[in-house]
Amino acid sequence: MESPGKPSLDLEKELTCSICTELLYQPLTLLDCLHTFCGACLKEWFGFQALTTAPFTCPSCRSAVRGSRHNATVVTLLDMLVAAHPGKARSQADKEEMARKYQPGDEVPPKVAAGRESSKNNDDDGLLEQVREMSLREAMTPRRRNGRNDRSQEDDQLEEEEQRRRQVEHQSSLRSLIGSAERDIEREIEDFARQIQEEGLLDGLDLDNIDLSRDDELSRRVTEAYRRRQRRGRSQRQDEAAVRRQRATSSSNRSRPPSASLEVRGIQTRRRTASGGRSSTAPLLSVGGATRRAARSQTELVPSLLDVPAAAARNQRRSSSTPSVAVFAPPGTGGGGGGGGDESNASFASRAPQWNPTTESRTDPQPISRNRPQLFPEPSISCSRCSRRHIEYELHYNCALCAGGQWTICLDCYRAAKGCLHWFGFGHGAWIKWDKAHQLDPTTARPHVLTASRYLRPPSIPGGADGRRTLTWHDPRTRLETGTFCSRCLARANDCYWRCDVCNDGDWGFCTDCVNRGFSCSHMLLPLVYELALSQQQQQQDQQQEQQQKQSSTGLRRQWTGRPQSSLGPFKPLPIYSDAVCAVCEETMAASQVRYHCFSCSRGDYDICTRCYSSLETQGKISAENGASGWRRCLSGHRMAVIGWASGKVGRWRYVEREPVGGRSLVEGGVADDGTETWSWPSGSETRRRRVTVDVAASTGAVGAGVAFPPDGGLGVRAQARWAWFPAAGADDELLFPRGAEVREVEDVNGDWFFGVYMGAKGLFPAPHHDFKNMFRHSARRLTQQSANVCLGGASVANRIAVSHAQGITQGFTGAIGNTPLIRLKHLSEETGCTILGKAEFMNPGGSVKDRAALWIVSEAERKGELKSGGTVVEGTAGNTGIGLAHVCRARGYKLVIYMPDTQSRAKVDLLRLLGAEVFAVPAVPWDNEKNYNHQARRHAESVDGAVWTDQFDNVANRQAHIDSTGPEIWAQTGGKMDAFVCATGTGGTLAGITRFLKEESGGAVQCYLADPPGSVLYSVVTSGGKSNERTGTGSITEGIGQGRVTENLKPDLDLLDGAFHVPDQETIAMVYRCLDEEGLYLGASTALNVVAARDVARKLGPGHTVVTILCDGAYRYADRLFSRSWLAEKKLLDAIPKPLQRYIALP
3 MESPGKPSLD LEKELTCSIC TELLYQPLTL LDCLHTFCGA CLKEWFGFQA LTTAPFTCPS
63 CRSAVRGSRH NATVVTLLDM LVAAHPGKAR SQADKEEMAR KYQPGDEVPP KVAAGRESSK
123 NNDDDGLLEQ VREMSLREAM TPRRRNGRND RSQEDDQLEE EEQRRRQVEH QSSLRSLIGS
183 AERDIEREIE DFARQIQEEG LLDGLDLDNI DLSRDDELSR RVTEAYRRRQ RRGRSQRQDE
243 AAVRRQRATS SSNRSRPPSA SLEVRGIQTR RRTASGGRSS TAPLLSVGGA TRRAARSQTE
303 LVPSLLDVPA AAARNQRRSS STPSVAVFAP PGTGGGGGGG GDESNASFAS RAPQWNPTTE
363 SRTDPQPISR NRPQLFPEPS ISCSRCSRRH IEYELHYNCA LCAGGQWTIC LDCYRAAKGC
423 LHWFGFGHGA WIKWDKAHQL DPTTARPHVL TASRYLRPPS IPGGADGRRT LTWHDPRTRL
483 ETGTFCSRCL ARANDCYWRC DVCNDGDWGF CTDCVNRGFS CSHMLLPLVY ELALSQQQQQ
543 QDQQQEQQQK QSSTGLRRQW TGRPQSSLGP FKPLPIYSDA VCAVCEETMA ASQVRYHCFS
603 CSRGDYDICT RCYSSLETQG KISAENGASG WRRCLSGHRM AVIGWASGKV GRWRYVEREP
663 VGGRSLVEGG VADDGTETWS WPSGSETRRR RVTVDVAAST GAVGAGVAFP PDGGLGVRAQ
723 ARWAWFPAAG ADDELLFPRG AEVREVEDVN GDWFFGVYMG AKGLFPAPHH DFKNMFRHSA
783 RRLTQQSANV CLGGASVANR IAVSHAQGIT QGFTGAIGNT PLIRLKHLSE ETGCTILGKA
843 EFMNPGGSVK DRAALWIVSE AERKGELKSG GTVVEGTAGN TGIGLAHVCR ARGYKLVIYM
903 PDTQSRAKVD LLRLLGAEVF AVPAVPWDNE KNYNHQARRH AESVDGAVWT DQFDNVANRQ
963 AHIDSTGPEI WAQTGGKMDA FVCATGTGGT LAGITRFLKE ESGGAVQCYL ADPPGSVLYS
1023 VVTSGGKSNE RTGTGSITEG IGQGRVTENL KPDLDLLDGA FHVPDQETIA MVYRCLDEEG
1083 LYLGASTALN VVAARDVARK LGPGHTVVTI LCDGAYRYAD RLFSRSWLAE KKLLDAIPKP
1143 LQRYIALP
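The opening position of the sequence shown corresponds to residue 3 in my numbering, with each subsequent residue numbered one higher.
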């Protein structure tokens, strides 16, 4: 029976190569650290390191490597394991492949030039060897001298038994079996070094500059300390021997424990970092007794708090001027560098701190109480790419997976896109590249993400080797910054990081100070804040997603749609910056309001609302030439920008609506005697000048009227960089910009160099190797905006802003879909005391809200590969979806077949055929009838090669269209200040998609309702909580709305609805005529039903609320019915129309 405390070993785990993660084959054991790897894997590792100037290091613990050797113990254990478990052996193909890479006898690591050798024979290493030899000599001499003369045989037996127990305890890992004899020596050296520190023997000695004059003093102190240690050790051993003799007498019949068995599992192994020595003059950190994880190197960035004490005492070999340091494990540290682990989906999103040194609550292990203050070694980090040393105080990037978490690169290498060993690029560009690689090989691991970090310098006087302190009184853990950093000033920006989704493929952002002062890019920016809870949740979600991917990769090829849906990681949008306070009236400005912003006043924290700025001009505090139509200056005389906010899929994005007049190239001259100054700016080959008053309330009159104002943002070409330019160190006159940056005010200097402006900086950049067009593409939006400014001339700023909000030039028919306005229904709003708004979807290019669904459905079929060039689209539709599909299919070159009920208006059928669709009008029967028009459309698609049934009722791309576009537009247009939304539904896409977005964005505050016509079951379903599906009525005059079942589009969001309203046809037809008479809106019956429901919701909520509905389409396609007296009489609806409004009935 085995002793319960006996050490054990998971043999299979210990005999696994950490590089290939397979069972060892032709193993080689590294000297010193005793880690063992496959010979082929080790040869490849050192072959890679041979390409750099860095010394050879162990792949696991990063210790310096002297060489490798064949180990008979490992081979014997390996043969035993394979014999017991033949199925675990390497396949023949693997053996042949590894045999081609490595043959027994190959020199590993290879010989390199002498310049690769590290400076390990310096003074400190020599001093270390002297201490090692001294400790061994003094430790062994007393035993040889006294031997058995002074001790009884019983004492020797007890000590031998204790030694065996100690050896067994150390046999809990493969390395302990190989190198257990070296452990006691290393422990002795560590304890002795700690004694030197605690006794203060190094006081008065300059550890970084030990000369020959102080060598004797140092040797004397060390020798005396070691003699005192030996005397205390002998006294302690004698006391322990007496205790053992007493215990042996009382338990003489107790048997000796059996020897350890290698098959026992369950005890965690203890791993060494290196067997190399330290400088004898380097005091050590306190060492705890806890077993720590796999060894790390000095390049780890974030503190692994539980491992700090053990890590501090067992670090890898350093130079004499760089003592060992307690190293830190980056967030999400995983296994080897090859596999995906807990890394995040967006590169900026994973730069979040795992521990905030500024917080008061900490879980650090308490240091051992000492009489003297504790010394802390300074971290020493080198770049894994360019080998530049001491980058710890600069911004650097670490990969938690490559090289066991030891891969760190400097900022220059990172911006040069050198990355780690499994890095696909910056931001969302990395996911695009990975997606292509994953399509070819589904086992391709997810891209690694690099974490940005930096240590603050200690508050001490520089000194020591390399001009830096190697030991300080200040804990480096309290000086570690990690997370997100401003791309311009490199300041830490975890509290608010303004992310750009264009520059550097989304891996670019700024701090609040740079954004407020105009030192950011010209793209839209999203303010983000770090949240610890989101970080932990994101890590769990990533881990679950990774496991699902690994499981699915063994079957059919998994389809991947690109980067993850959310790339924010542990960050969430920060909305407070969009609601700024006006510096004049001190009222909060809503996010939907543009505002005037000064980059100079209050360090950029200065905004004025449009109402106050207009009042300042009216009151004469700002003259006309200095106002909105002129220089647009603040009360202090600075030129101002116009800032706006827009809602996106995630949060609110800040954009620059109007840049300062004249841009960054404008030069403000000195003040003249008449209280004016001359401002100048380049214009082609000449320089233009204009007189400007110092007092913004004054005017130059005729003196300054001769020259027109420069355009917003200055003259020159505005272009978008197709690749980056990062100037070399010292090139202060050159312009830095990443890929995707919009460089403004570009001018050709001499054919070889260009001048431009980016992030508020001006500078030069080299001309491309071929021509200007290859490096840049013009920014059409900015050029169009600049042209509009010139055309508008002296128009007011309000008009100029309105023009900029227009769509401008769109990409064909599909580019014009969406971005429809909200129309306030004046009379109904006054009647109810609420604000009733209608989303004017009839202004889509196809004439209805269904244009959105048609575009999303076709695009989804294209993305899945179901719809290819020349293919056929088949759909069953009541009209508007078919018209939208007809437009989209015409624009993209597809054929269209439509099945529709024969109850639809003749105008719709004629329009569909006019647009090139093949139309089949079939009898209107319920869904459960096989002759229903949807079932016939499905069967038609199945019978035609290359045809796709788009299935608008159950194709969730329909719903997604409104989650992605309609919902965000409504939220942005109302500034989030809305109380309710209501609309009818046919397919369920519009109601479900908008409801889903509004509920999530408002946190459930916005109430959402269904409007239902007669003959539909949805009113009963909603009001009964799903218990009833009875039809309310026998039919309706409305087309395309009302349903006899709950569709797949509606089903996920049905429980989000707050209620339903049943709208009779009499109220619907009356509202058609009311909207025409009171609002001038020529609307169809479905839209009129929505307006009736909006009025009813407003009455339910009471005055002061805002209600939004959908104006689906116009009445143009229904005029032959809705405005026909005979048709209205047939439907018994004529009397429902108020007498005064019957004058609009124009058809017989």
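For each residue, glycine too, the CB sits at the ideal point set by N, CA and C.
N- and C-terminal bounds of the beta strand (DSSP E) containing residue i
i, result
"M1", "Because the chain in this structure spans residues 3 to 1150, residue 1 falls outside the shown range and cannot be described."
"L32", "29-32"
"T38", "38-40"
"K897", "897-903"
"S831", "Taken as a continuous stretch (DSSP letters only), S831 belongs to no beta strand (DSSP E), being part of the alpha helix (DSSP H) at 828-834."
"P575", "573-575"
"C516", "Element bounds for C516: not the beta strand (DSSP E) but the alpha helix (DSSP H), 514-518."
"I972", "Where I972 is concerned, there is no enclosing beta strand (DSSP E), although the alpha helix (DSSP H) it sits in stretches over 969-975."
"R387", "No beta strand (DSSP E) holds R387; DSSP gives it neither H nor E."
"K764", "763-768"
"K841", "837-842"
"S2", "Beyond the ends of the chain as shown, which are 3 and 1150, falls residue 2; an answer cannot be given."
C-alpha gap between residue i and residue j, whole angstroms
i, j, result
"Q1009", "D507", "38 Å"
"P449", "R635", "48 Å"
"A1138", "G629", "55 Å"
"C412", "R456", "10 Å"
"K852", "R1119", "14 Å"
"K1053", "T992", "13 Å"
"C584", "A1131", "59 Å"
"A70", "H87", "Note that residue 70 is Ser in the sequence shown here, rather than Ala. Each residue's alpha carbon lies about 28 Å from the other."
"A790", "D754", "At A790 the pLDDT is 41, less than 50, meaning the model places this residue with poor confidence and gives no usable figure here."
"A91", "V84", "6 Å"
"V911", "V921", "7 Å"
"G671", "V696", "11 Å"
"T1204", "E1080", "Residue 1204 is absent from the structure shown; the chain starts at 3 and stops at 1150."
"F426", "A52", "24 Å"
"A419", "C401", "14 Å"
"C516", "A493", "10 Å"
"G431", "Y399", "18 Å"
"L1135", "G650", "44 Å"
Short Cβ contact (8 Å threshold) for residue i with residue j
i, j, result
"R387", "C404", "no"
"T620", "C836", "no"
"P478", "E380", "yes"
"A855", "G886", "yes"
"H525", "E747", "no"
"D1057", "Y1011", "no"
"S907", "R1123", "yes"
Among the options, nearest to residue i - alpha-carbon criterion
i, options, result
"C1114", "V1099, A1095, G1086", "G1086"
"D503", "G742, Q975, V950", "G742"
Beta-carbon separation (whole angstroms), residue i vs residue j, contact threshold 8 Å
i, j, result
"S604", "M761", "Actually they are not in contact, since the Cβ atoms of S604 and M761 sit about 20 Å apart, beyond 8 Å."
"P1015", "I996", "19 Å between Cβ atoms; not a contact."
"P111", "F48", "4 Å"
"R1033", "G990", "That belief does not hold up - the Cβ atoms of R1033 and G990 are roughly 17 Å apart, past 8 Å."
"A939", "P903", "That belief does not hold up - the Cβ atoms of A939 and P903 are roughly 12 Å apart, past 8 Å."
"G1046", "P928", "6 Å"
Endpoints, the alpha helix (DSSP H) within which residue i is located
i, result
"F815", "814-817"
"Y1075", "1067-1076"
"A454", "A454 -> not in any alpha helix (DSSP H); beta strand (DSSP E) instead, spanning 452-457."
Near the ligand MN: residue i beta-carbon under 7 Å from a heavy atom
i, result
"S625", "With respect to the ligand MN, the structure offers nothing, as it holds no ligand at all."
Min CB distance residue i to chain D below 8 Å
i, result
"D515", "The chain labelled as chain D is not found in the depicted structure, where only one protein chain is given."
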